[in-house]
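Residue numbers (the numbering used here): 80 to 168. Beta carbons are placed, not taken as given, at the ideal position from N, Cα and C, and that holds for glycine. Worksheet: the structure to be examined is printed underneath.
Listed below in structure tokens is the structure:
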């Protein structure tokens, strides 16, 4: 890898050049042959990240907005009622 780039600069640092070659080679070899354990881990991660929007317990977009609006309204009603109680006393 280092043979193709920054030839003049790396000629001054032969140890660095060798280390860059070693690290780059290891990185590329590891990327070419992923272990079955790593592949299974990635598949499991993908499955865990999947959102099953057809599940009956899934709350979709419009339903979420409706629930949020109801919660905001009920919290406002509680605040208004507390102010009325304070004003009456």
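Between the CA atoms of residue 139 and residue 160 - distance to the nearest angstrom: 32 Å
Residues of its chain near residue 196, where Cβ-Cβ distance is below 8 Å and the 5 sequence neighbours each way are ignored: There is simply no residue 196 to check, as the chain begins at 80 and stops at 168 in what is shown.
Span separating the alpha-carbon of residue 146 from that of residue 117: 41 Å
Check whether residue 89 and residue 96 have beta carbons under 8 Å apart: yes
Other residues of its chain near residue 91: CB distance less than 7 Å, five sequence neighbours each side excluded: none
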